[in-house]
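Peer 1:
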Amino acid sequence: MNKTVCEENMCTGCGACVAVCNKKAITISDDMFHLNAVINNDLCINCGICQKVCLQQNNVEQNKPIKWYQGWCSIEKVRRFSASGGIAWAIGKKFIEDGGVVCSCSFSDGAFKFEICDNIEELQKFSGSKYVKSNPVGIHREINKKLKAGVPVLFVGLPCQAEGVRRSIPEKYRDKLMTVDLICHGTPSRLFLKKYLSEHEIILEKLKHLSFRSKNGFALNEGKMIGHPGVMDRYSIAFLNSLSYTENCYKCKFACKCRSSDITIGDSWGTDLVCEAGKGVSLILCQSEKGCNLIENSQIELHDVDLKRAITNNPQLSRASLQPKNWDAFVKEINDGKNIDKTVFKYLKYRCLKQIVKKQLLRLHLLRK
Ligand SMILES: Cc1cc2nc3c(=O)[nH]c(=O)nc-3n(C[C@H](O)[C@H](O)[C@H](O)COP(=O)(O)OP(=O)(O)OC[C@H]3O[C@@H](n4cnc5c(N)ncnc54)[C@H](O)[C@@H]3O)c2cc1C
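If you read the sequence shown in the working numbering, its first letter stands for residue 36, the second for the next number, and so on.
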């Protein structure tokens, strides 16, 4: 039987081991609720480099934030098309202006893949939160090439992905690499999203546009929305209630205040800037001096934030999402081919009923969106 790089079913899919294996012996498998970095025994020469680079097999150096802010991009349009305050776009722009490139996640042809961008006009393709596991495999070598050529790289991704990139890059190039991680709840597999969409007669690979969240609410759409405007769909209910993540997410080692990236961005939940809340206010933590410089010199309106209050309102800064007691049973039903809408209703009845009532009230004009 083939071995896995880290403990079975605990792989984050960061792809660092795939990048450093010169024998091309490792592939990432995805069974909808578990990822595994599988080693091909016929190709493996037991050099151990994959184990060395694996973030699950090693301690991760986590640093305390040295500065923290809340804020938003001062260009209104950017704030509108971003999921939160448009910080990712604003720092990307400054980084490119200073001669670097940005590497982040975009959606095309049904894939959530990483790309390198050196053009401010094209930065928008990264904007928006994709509430699904993206795939960084293959991008490490591209980043490496840029760094080797002396071009600074800003990587923006999930915390495990940012750490995977950092670990896969030779130390001598790391000073030109800047990493930004998102505060992250956890992520469902792309296969779970694909199944959900197919049950709504939508083929993921044929979608041109997919939006998981807009300032008007939390929805999944392709021009038309799935479900009723203002009413949360079952994919989103499962996501927000931590029911649909791959198993490793419930043991996430990055869900704490200390982080391994230069910058961490998320939502400033519970912000005291009440009038701004609906437009998108981001929480920003800087763990390094170069991170602080980038934040302070980008087009961002920065405000003080009470860090204690921010952490209280953002549980992912103190612990990983809790694995529901009935997670195994849910996984079994989905793997057995049960319909996602119906199964989510069965496991999160109260949350789903609330949305059904909301839909009726909206229809009767007794409630506004
Ligand atoms: C799966 C997920 C869970 C999250 N959970 C929380 C949470 O619990 N609490 C919280 O405060 N914030 C959370 N966020 C972060 C939040 O949604 C915003 O992305 C963040 O506040 C930055 O907003 P922005 O307006 O600056 O940029 P955005 O417009 O949101 O752009 C964010 C950047 O992240 C990249 N990105 C988006 N989705 C992915 C993905 N799936 N994989 C890799 N990179 C991606 C984009 O390419 C872009 O560069 C989560 C984000 C994701 C993707």
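For glycine and all other residues, C-beta sits at the position ideal for the given N, C-alpha and C.
(1) Name the two residues that bound the continuous beta strand (DSSP E) containing residue 142.
(2) Less than 8 Å between the CB of residue 118 and some heavy atom of ligand 1, yes or no?
(3) Given this structure, state the Cα-to-Cα distance separating residue 368 from residue 278, to the nearest angstrom.
(4) Would you mind working out which of 382, 376, 354 sits nearest residue 361, comparing C-alpha positions?
(5) So does residue 220 have its beta carbon nearer than 8 Å to some heavy atom of ligand 1?
(6) Could you check where the beta strand (DSSP E) with residue 400 kicks off and where it finishes?
(7) Among the candidates 167, 198, 221, whose CA atom is the shortest distance from the CA of residue 230?
(8) Identify, in the order they occur along the chain, each residue of the same chain with its Cβ nearer than 8 Å to the Cβ of residue 131, setting aside the five sequence neighbours on each side.
(9) Rounded to whole angstroms, what is the Cα-Cα separation between residue 162 and residue 217?
(10) Measuring CB to CB, does residue 105 end up less than 9 Å from residue 345?
(11) Let me know the alpha helix (DSSP H) ranges lying completely inside the stretch 269-306, each 4 residues or longer, listed in chain order.
(12) For residue 252, does the count of other Cβ atoms within 10 angstroms reach 16, so buried, or fall short, so exposed?
(13) Which stretch, first to last residue, makes up the beta strand (DSSP E) that contains residue 147?
(14) Please say whether residue 234 and residue 376 have beta carbons closer to each other than 9 Å?
(15) On the three-pair Cβ rule with 8 Å, is the stretch 196-204 touching the stretch 67-81?
(16) Would you list the one or two residues that DSSP bridges to residue 233?
(17) From residue 126 to residue 68, what does the alpha carbon distance come to, in whole angstroms?
(18) If we call anything under 9 Å between Cβ atoms a contact, is residue 295 one with residue 96?
(19) Have a look at the DSSP bridge pairing and note the partners of residue 222.
(20) For residue 23, which of 312, 171, 73 has the nearest alpha-carbon?
(21) Does DSSP put residue 387 in a helix, a strand or coil?
(22) How long is the line joining the alpha carbons of residue 64 and residue 42, rounded to whole angstroms?
Peer 2: Walking through what the data contain:
(1) 136-143
(2) yes
(3) 13 Å
(4) 382
(5) yes
(6) Counting along the chain, residue 400 falls outside any beta strand (DSSP E), and DSSP gives it neither H nor E.
(7) 167
(8) 137, 152, 153, 154, 155, 158
(9) 13 Å
(10) yes
(11) 269-275
(12) With a pLDDT of 47 at residue 252, under the threshold of 50, the modelled position of this residue cannot be trusted; read the value that follows with caution. The residue in question, residue 252, is exposed, as its Cβ has fewer than 16 Cβ neighbours within 10 Å.
(13) 146-152
(14) yes
(15) no
(16) Answer by DSSP bridge pairing: none, since residue 233 is not bridged.
(17) 33 Å
(18) yes
(19) According to DSSP, residue 222 bridges with nothing at all.
(20) One cannot answer for residue 23 here, as it falls past the ends of the chain, which runs 36 to 404.
(21) helix
(22) 14 Å
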